[in-house]
Amino acid sequence: MPIENRQSTTPGAYQEALQIPEAAFADPELQAATPDETTLGLPRPVTGAFAAVFPMTLSSGGRVAVKCFLHETPDRRKRYEALRRHFSEADLPYTVGFEYQSEGITVDGQSLPILKMDWAEGQPLNRYVEDHLDAPRSLAALADRFAAMLEALKDHSIAHGDLQHGNVLVHEREDDLALRLVDYDTTYVPALNNKRSAEVGHRNYQHPDRDERDFGPHLDHFAGRVIYTALQVLRRDPALWDRFDTGENLLFQADDFYDPDASPLFEALAQIDAVRPHAEALRTACYLEPEDVPPLAEAVTSEAMPVKRERQRERSGETAAPRRNRTEQLFLPALAACLAGCLALGALIGLAVGVAAGLVVLAAGGIAAWRVWRRLPVVRRRRRLQSELGYFERVIADHRSQIEKREEQRREVKSNVEELRAERLEELQSHALRDRLKYHFVNEAKTVEGIGHRVVVRLKAAGIRAAHQITPDRLASVSRIGDRSRARVRMWRNSLAREYEDDVPDQLSPAEKRRLRRSVERRAEGFADDIERLRAKIKVQEEERKAVKERLERVPHVTFGRYLAYLMRLRRYEAGRL
């Protein structure tokens with residue numbers, strides 16, 4: 015089914031499909047690959063909000079990562095093709111090779127796209143930092159490497175778009191550090207001009223007003239400052255890690271960016287002389303528009319400081335009567351002048367022409383007003399918060415769905431004990447019989463009437479050299495022997511099996527029963543542990559969702575209709591609201 019027509023796919027559905035790679039994948043190399051497994055023996059995904067990534071080992075011993083998408087994204091294929099071309103031309107050491115396969119995997123009868131990615135060695139950025147908190151020189155070197163990477167990306171007109179701890183891998187090579195970037199769903203290159211961003215990045219690294227319309231070469235300016243500032247801070251005061259690390263950040267959190275003046279972290283950084291300039295530059299960047307944040311190599315100038323508090327008031331609706339900007343001042347006079355011109359045109363040429371021209375002017379004025387309204391700080395802030403609220407709703411719903419799946423699997427494990435016993439007994443019987451039959455070579459079959467030397471030679475040519483290798487499929491693959499000969503070979507094998515009936519167990523031993531019981535208990539406990547982890551995640555995300563919802567309720571709701579009336583001087587600010 016084409017991607018445009020499918021519903022979202024869950025990580026659990028991909029996990030189930032990957033249990034049989036040869037049936038799931040279209041790529042022969044992936045069909046022969048083995049996914050990394052959990053303690054329960056299931057394919058192990060690294061799951062994010064928009065994709066599940068499965069590490070896999072190829073038959074050659076090499077490693078790849080397979081990215082399976084959870085949601086639809088318009089023109090995803092074209093985006094990845096543009097990225098691949100640009101990366102190839104840039105030839106930077108920070109990106110990894112990938113191949114987009116539009117019908118790469120089959121899940122529940124649907125052909126879905128995947129991204130087959132080269133394996134990138136390294137630790138996630140936050141884990142590397144945590145391991146080197148007592149090594150300030152290593153963190154200083156990491157900060158330098160990170161700044162150099164940002165400069166190289168900028169020089170090649172690349173913006174990753176989602177710089178965060180999970181997407182920056184750090185690999186130590188002898189006395190050197192190598193950085194690799196993964197996850198290119200939000201990456202910008204010039205060929206993608208005038209597109210929208212597929213996502214808005216990790217909330218603990220991105221500008222608080224970034225939305226899907228922010229897509230250009232500036233995307234990494236804010237997140238780059240967040241990471242660089244955190245590295246400079248931690249090399250000087252590693253104790254801050256214990257206070258501010260959540261496992262999903264690098265010191266800073268979204269709350270710090272929404273209201274820097276009330277942030278305990280920014281307050282703490284103001285007391286550290288060596289990092290105060292970096293912290294103040296980042297604090298100021300929180301009040302700029304996302305596209306106005308300068309790259310890391312450029313300072314945040316003092317010219318930005320006077321607008322800082324004013325921007326905060328605009329976003330929170332604190333100010334009762336803000337000054338109209340130039341566009342707002344000129345909108346009504348310009349519209350009136352254009353309409354007056356239309357009236358004059360109607361008087362000179364004809365009423366119909368004047369009315370048509372007036373309608374065009376009104377439509378153009380409405381479009382211009384709508385574009386200005388969309389860029390209002392308070393409107394952008396609400397849009398960002400609404401996007402975050404939707405993100406938490408989706409993630410919580412997905413976790414609840416996974417809990418239901420795990421509970422069902424746990425019940426199945428407990429209820430299928432007898433079936434598991436039968437399977438285990440059959441497995442033991444098969445092994446016991448195999449151990450006996452492997453000592454009976456096919457030359458012995460010549461004692462059976464109708465099995466001659468020629469048949470034995472052809473059995474050996476097909477790789478069948480002992481009785482345990484005689485299976486229906488392998489016997490059917492032997493060429494140039496008749497059905498009667500096949501039947502006689504089966505009879506010989508079955509007669510040997512009957513001879514060893516007394517040597518084959520007919521029930522599980524007490525030790526095997528105990529092992530099976532422990533195995534069932536471990537699997538059930540594994541599912542229970544997964545359920546508890548998911549519930550803990552839900553609890554944390556529900557708290558964050560509540561905080562976002564409260565913040566959204568404090569932001570004034572400026573509708574387009576009210577703003578248009580404000581431009582037309584039909585409304586004014588009252589009590590901080592339109």
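Residue numbers (my numbering): 15 to 592.
Note that CB positions come from ideal geometry on N, CA and C, so glycine has one too.
For HIS174, there is no enclosing alpha helix (DSSP H), since its DSSP letter is neither H nor E. In the three-state DSSP reduction, ALA79 falls in the strand class (E or B). Beta-bridge analysis with DSSP links ASP132 to VAL78. By the beta-carbon neighbour count (other beta carbons within 10 angstroms, threshold 16), LEU349 is buried. The stretch 226-237 makes no contact with the stretch 413-424; the number of CB pairs closer than 8 angstroms stays below 3. Assignment of MET163 by DSSP, reduced to helix, strand and coil, places it in the helix class.
Proximity to VAL307 across ASP275, VAL240 and GLN267 peaks at VAL240, based on C-alpha coordinates. Straight through space, the alpha carbons of ALA244 and ALA173 are spaced by roughly 20 angstroms. In this structure, LEU72 keeps its C-beta atom at 8 angstroms or more from the C-beta atom of VAL80. At a Cβ-Cβ threshold of 8 angstroms, PRO127 and LEU84 do not count as neighbours.
Beta bridge pairing from DSSP links MET70 with PRO49 and VAL78.
Closest by C-alpha distance to ARG450, out of GLY215, LEU510 and PRO138, is LEU510. CA-CA distance, SER22 to LYS560, rounds to 25 angstroms. Under the three-state reduction of DSSP output, GLN137 falls in the strand class. Distance between THR260 and CYS352, taken at the CA atoms: about 56 angstroms. With a contact defined as Cβ atoms closer than 8 angstroms, MET163 and LEU193 qualify at about 5 angstroms. Closest in C-alpha terms to THR485, from the list VAL470, GLY464, ASN508 and HIS571, comes ASN508.
One thing to note: ARG529 has its Cβ no nearer than 8 angstroms to the Cβ of VAL427. Ranked by Cα distance from LEU310, the options PHE280, LEU139 and ALA166 are led by ALA166. When C-alpha distances from THR52 are compared across VAL471, GLU30 and TYR453, the shortest belongs to GLU30.
In the same chain as ILE478, and ignoring 5 residues on each side of it, the C-beta atoms closer than 8 angstroms to its own belong to VAL456, ILE484, ARG488, LEU489 and VAL492, in chain order.
By a beta-carbon distance limit of 8 angstroms, LEU581 contacts GLU342. Their separation comes to about 6 angstroms. Fully enclosed alpha helix (DSSP H) runs of no fewer than 4 residues occupy 254-258 and 268-272 of the stretch 234-279, in order along the chain. Per DSSP, the beta-bridge partners of VAL184 are GLN137 and LEU193.
For the pair ILE286 and ARG250, the CB atoms are nearer than the 8 angstroms cut-off. Per the coordinates, the alpha-carbon of SER429 lies some 29 angstroms from the alpha-carbon of ILE410. In chain order, TYR114 place their CB closer than 6 angstroms to the CB of TYR94, counting only its own chain and leaving out the 5 sequence neighbours on each side. A distance of 8 angstroms or more separates the beta carbons of ALA66 and THR120. Cβ neighbours of ALA154 within its own chain (closer than 7 angstroms, five residues either side excluded): ARG249. For the pair GLY380 and LEU54, the CB atoms are not nearer than the 8 angstroms cut-off.
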